[in-house]
Every structure is written in C-alpha cells, then in structure tokens.
Amino acid sequence: MSRSWAPETRRAGSGRGRSGRTRTGRPRATPGPVRPPARWPRRVRRAGSAGASSGCASSTPWLRAAGEGSAALSARGRDWDTRAVCWRAGTDIPDTMTPSPRDPYPDALRAGALLVVVFGHWIATLPRVVDGALAGTDHLLAVWETAGVLTWLVQVVPLFVFVSAAVSADGVARRLARGGQAHWWSGRALGLARPTVTYLAVLTALVAVSMPAGGSLHTVFNTSLTVHLWFLLMLLTVQALLPWCLRLDARFGLGAVGGLVLVAALLDLLRGGVTSIDTFGELGARVTARPAGIVWLNMLVVWLIPQQLGIAWTRGRVRGVGAGAALLLLGATWLAAALASGYPVAMVGVQLAGNNMLPPTLALIGVIWLQVGAVLLCEPVARRVLAGRAPARVIAVLGALGMPLYLWHKLAEWPAAWLGLRLGLPIDAGLPGEAGFWLGRACWIGLCLVMVAPVIAAVVRFELRRTRDVPAADGMARVLAGGLALYAGLGAALAWGAWPGAVLGLAAVGLASWTLRQRGGRAPDASGSTKARPAQRP
151 MSRSWAPETR RAGSGRGRSG RTRTGRPRAT PGPVRPPARW PRRVRRAGSA
201 GASSGCASST PWLRAAGEGS AALSARGRDW DTRAVCWRAG TDIPDTMTPS
251 PRDPYPDALR AGALLVVVFG HWIATLPRVV DGALAGTDHL LAVWETAGVL
301 TWLVQVVPLF VFVSAAVSAD GVARRLARGG QAHWWSGRAL GLARPTVTYL
351 AVLTALVAVS MPAGGSLHTV FNTSLTVHLW FLLMLLTVQA LLPWCLRLDA
401 RFGLGAVGGL VLVAALLDLL RGGVTSIDTF GELGARVTAR PAGIVWLNML
451 VVWLIPQQLG IAWTRGRVRG VGAGAALLLL GATWLAAALA SGYPVAMVGV
501 QLAGNNMLPP TLALIGVIWL QVGAVLLCEP VARRVLAGRA PARVIAVLGA
551 LGMPLYLWHK LAEWPAAWLG LRLGLPIDAG LPGEAGFWLG RACWIGLCLV
601 MVAPVIAAVV RFELRRTRDV PAADGMARVL AGGLALYAGL GAALAWGAWP
651 GAVLGLAAVG LASWTLRQRG GRAPDASGST KARPAQRP
C-alpha cells in the first residue's frame, strides 16, 4: 500500500493482531470504518463507508463508472479496490477475492496477436470503386502473390491456440481431477455465444435496413462480415479436446506433439498419392492440386499441435532461449522444404482450394515451429519489459477488449467505405506497385480506426450493463444440445454470410445461449465450474 496515507491510517491497519498500546504506551487506534482520504480515487472513497459494514464483499462495479471497458477489467479493478478498502477499514479480505495477478506474458502475446489480426484483415481488404460507387472488394493476396511471405508473420492462429492452452491447462487439470469437465466447456461455449448473439442481432438488423435501400452490406461485404467466425468454431473444438491433450502430455510428453505431426504428414501423403521416393519431392504440388476429402481431418489434427505445445510449455517441457532458437531453425528448414516440394507460399486461404489453410497442410506446421520458437526466444526480455506498470495497463485494456474487437472489427469496413466515398478519399488505391497504393492503404486503415472506435464503445457499454456471471448448464444433455446449436449457428453464418447466414445464425446461437444456461440453481463461487467463463480472447 502507498506510504502517503495518513499516519493514523497506517497505525489502524498495522495494529491488528498486536497489543493494544504503542511503544510509547499510548493506546492504539482501533480499526474501524474511517472515511478515506480526499486524495484517494473517488470510486474508492465512495466505497469506504460501505466496505466495513458489508464485509467488503461489495459488488459495486467501480470500474464501470470509470469506463475501463469490460467485465474482466471491472472484476479485476473491483478486487483490488475492495482489498484497499478492507485494509483501510481494518476488516478481513473476503476469501472469494481473485488470488493473484495474471501472468502478463501470455496476455501480452494474445494482445499483440489480436492487433495483428485486426490490422491484417483491414490491410488485406481492397475496396473497388466504379463510377463513384462501391462495386466490390479484392483480397490483397489475390492481386499480390509476393505478400504471401508476410502471412508467415500475420497468420497468428497457432499463437492464439498455443497461449489459450497454456493459460487453461492448470485449471482444466484441477477440474479433470474432480470431474465436471463438461461444465467447464459449457461455460466457455456460453461465454462465446452471448457476445456472438449480440453481433449477429445487430448484423441482422443492418441487413434488414440495407436490403430495401439497395445497400452494399448484403452484397459487397456479405461474406466478409462473418468469415472471421471460423476461429470460434475451431477454438471451441480444440478446447473441448483439452482434457485428452492433458492426458496425452502426462503420458507421452513431447511424444504427443510428434504423434500429431506424424498423423498430419500421413494425411497429406494420402492426399498427394505419394507412393514412392520419386514422387515425394512433388508432395506440395500434388497435395494442393487434389481435393481434400478425408484430409479435412487435418482441420483438427494440425490445430491440436499448438495446443499440445502450449501444454508442454506450461509444464516446462519446452523452455529457454536454446529451445526457442532450435524451433526457429526447425521452422525455417521446414518451410524451405515445403516450398521446394510445391506447397503455396501464403498461409492464409483466399479460396477453398489450393491453399495451406483449408485444410491445413504440412507447410503450416512450419509456421507453428516459428511462432513457438519466437515465444520462447523472446520470453526473458519480454518478461522484464512487462514488469512495468504502463505495459501492464495497456495489456489489461487490450485483453479486456479482445472479444469485442475481434467480433466487431470487420463491421467497421462497411461505414469506412461509405465515409471514404463521401469524402473522396482514395480507398480504391489500385494494385501494389502503382502510385498511391500505400497512401490509399493508409487512408483505409485510418477510416477503419475512426469507425471501429464508436462501435467498440457502444458494445462495451452494452456488455457492462448486462449480467456478467451467468451460471452454465451442468447436465450433459443440455451441454450437447447447446453445443450443437452453437456449431450450427456459427456454421450457417460462416457459410452464407450476412444474408441469410446472420439471420439463421442468430436463431441457432440464440438457442445455444439459452440452452447452455443453468436452470433453477445458483451460480457457484469463483472456484466453481458452472459459472459462464468470460469470452475467450481471440
């Protein structure tokens, strides 16, 4: 606590559990509900008197008034403010307080990856204007193949999965020991379903308004507004398998990672029809030229590899600068061999065929090695930098805004295009290499930033007003039914875009949000497994 508090405050706080007199023989101050000093933050002063009388278990959302952006930030700030008030009032700190601050390094990795995803999506979208009207959009990779090398850096989905597994592993292991794993997954699913319902509801309303007016929302931006929901489907699936991944790690260690890589390699060999050493050198070209078929299983197998590595990281099986350098070397060698055999350069799928994403190929595993190696190599320096207060605050805000920013950042492209046309800005900057292309990209990014800010502010305000701690379903039948509805809704929105996908998705995801809630019971405390988890940061 700060040493700038009044002397009588320090005496009152330090007198608990000791004799009733000071060293000079004067009676000690008795702890009690003393009014907080005027220099304390207003949100703490307001809670001072109520803290002692209520046992300091107040649920007053102090950070809500401060506008710091999410339920996660509000809960964290409430905990620390309650600790301060309890210490000031001389009462005991409640046992239900959060135990310790989060590890900042995984949070920083996720925050950085989130920014890469948001800006990467905006940069990759190329609006096309014909006769002063928005006629369509192109993808940067479709018109500039050289940019495929950049996707080795901006394809950060493996990093998200790696960090999510590392953060969740210990909690899942504890719940696995006492059963009730379905409760944990239903909480995660409900935490994703609730904000997704809001997004799809707004999207449905905008489509309903846009269609009669002949707007571009359901034409130009139709699939662009829902394509990013695929990540939620993948994340829910791999996290449902997290208990099995923990068992594999406990039994086989890093051998579990090797087993997954072997399965992915066998599936690619099967797809490529490789039967001899002579055709092995053409594996990449043969794989991308043939339909996937059963090799769609790699949508699960390949994304389980970073999850298994995340568990190994948190268990200490892969640590240190040496391991990071080795993985970087392995990744570079792996990618060189993949490109030599004919795999595409880009790690982001633009079409449904001939790419490294749909389904993931062996080449994408090389990016996994590179990203995990970079995490290990940068860890010592990054942890020293993150020890400061300023970086921690930035990471806390980005982490709290993670889910809203991921869900809503694509929607900002629609009003950004409208505003750019009205202002006469060069949002259609032509092709890479032409004069003014990067100036046009800068204008486009600026417009997206201007438009996403009020959207996120409105979403955060709405989320702070709704009930945060919703108990999740604890019956297997409800969990399965809610999970199937959630998968169906996300799949419909992903397949058919804003129209009619958002409408169908809203009905299914709304049903999932209702089904995954516990009926007729109270939510347990913070250590329980049936309370809805905060939406997983993308």
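Each residue of the sequence shown is one higher than the last, beginning at 151 in the working numbering.
Beta carbons: idealized from backbone N, C-alpha and C, even for Gly.
Note that the coordinates shown come from a computational prediction; the quantities given were computed from them, not determined experimentally.
| said: Whole angstroms are fine: how far does the CA of A327 sit from the CA of L300? | reply: 43 angstroms
Notebook entry, point to check: alpha helix (DSSP H) containing D399: first to last residue?
Noted result: L392 to F402
#### Entry: Limits of the unbroken beta strand (DSSP E) element including H289
A283 to H289
Would you say the stretch 534–553 touches the stretch 254–262, given that touching needs at least three Cβ pairs under 8 angstroms? yes
With distances taken from CA atoms, which of L479, L404 and W564 is nearest W272?
-> W564
Secondary structure at V279, three-state DSSP: helix, strand or coil?
strand
Which residues does DSSP list as the beta-bridge partners of R260?
In the DSSP output, where bridge partners are listed per residue, R260 has none listed.
On the DSSP bridge assignment, give the partners of P576 in chain order.
-> Paired residue(s): none; P576 is not in a bridge.
**Q.** Option nearest P509 by Cα separation, candidates A439, D399 and G481
**A.** A439
Completely contained alpha helix (DSSP H) runs for the stretch 513–571, where each covers 4 or more residues: 539–550 and 552–558
Exercise. Does the separation of the CB atoms of G653 and T387 fall below 8 angstroms?
Worked result: The displayed chain sequence assigns Val, not Gly, to residue 653. Their beta carbons are not under 8 angstroms apart, which means V653 does not touch T387 by this criterion.
Short check: CB of G523 to CB of G580, under 8 angstroms?
no
Quick one, are the C-beta atoms of V266 and V306 less than 8 angstroms apart?
-> yes
- request: Return yes when the Cβ of I606 is within less than 8 angstroms of the Cβ of W558, no when it is not.
  value: yes
**OP:** List the endpoints of the continuous alpha helix (DSSP H) containing W294.
**Re:** Taken as a continuous stretch (DSSP letters only), W294 belongs to no alpha helix (DSSP H), as it is neither H nor E.
Return the CA-CA distance between A462 and A603, expressed in angstroms with no decimal places. 38 angstroms
Checklist entry - Taking the alpha-carbon positions, what's the P541 to L396 distance? => result 32 angstroms
Neighbour-count burial assignment, R591, 16 or more Cβ in a 10 Å radius
buried
| query | Considering only residues of the same chain and omitting the five flanking positions on each side of P417, which have a CB-CB separation below 8 angstroms? | reply | For clarity, residue 417 is Leu in the given sequence; the question names Pro instead. Taken in chain order, the residues that qualify are I444, V445, L447, N448 and V451.
- request: Could you pull the start and end residues of the alpha helix (DSSP H) that G601 belongs to?
  value: Per the sequence presented here, residue 601 reads as Met, with Gly not at that position. Note, M601: alpha helix (DSSP H), F587 to R615.
**Report entry** From V413, A486, A476 and S374, residue whose alpha carbon lies closest to that of G434
**Finding:** A486
**Prompt:** Do you know offhand how far A319's Cα is from L573's?
**Reply:** 50 angstroms
Should P621 go down as buried or exposed, given a rule of 16 or more other Cβ atoms within 10 Å for buried?
buried
Taking A660 as part of the alpha helix (DSSP H), name the residues at either end of that continuous run. As written in the sequence, residue 660 is Gly, which differs from the Ala given in the question. First-last of the alpha helix (DSSP H) with G660: A652 to T665.
> Buried or exposed: D428, going by 16 or more other Cβ atoms within 10 Å of its Cβ?
Replying inline: exposed
Would you check if the distance between the CB atom of V700 and the CB atom of A635 is smaller than 8 angstroms?
Past the boundaries of the shown model lies residue 700; the chain is included only from 151 to 688, so the question cannot be answered.
So, with DSSP's three-state summary, where would you put A622?
strand
Delimiting residues of the alpha helix (DSSP H) encompassing P362:
Q331 to A363
Practice task
Could you tell me if G217 is buried or exposed, where buried requires 16 or more neighbouring beta carbons within 10 angstroms of its beta carbon?
Solution key: For G217, the pLDDT reaches just 33, beneath the cut-off of 50, and the residue's location in the model is therefore unreliable, although a value from the coordinates is still provided. Exposed: under 16 other Cβ atoms inside 10 Å.
>> Restricting to Cα atoms, I'd like to know which of G405, R421, L514 and G633 is closest to W453.
In response: L514
Starting from P510, follow its DSSP beta bridges and name the residues at the other end. M507
Is S426 helix, strand or coil by DSSP?
-> coil
ask   = So, using beta-carbon positions, are A415 and L512 closer together than 8 angstroms?
value = yes
Discussion item. Tell me whether the stretch 645–665 and the stretch 366–382 touch, counting them as touching only if at least three CB pairs, one residue from each stretch, are closer than 8 angstroms.
Written reply: yes
(Q) Measuring alpha carbon to alpha carbon, tell me which residue in G422, G499 and K560 is nearest Y349. (A) K560
Terminal residues of the alpha helix (DSSP H) in which L433 lies: L433 to A439
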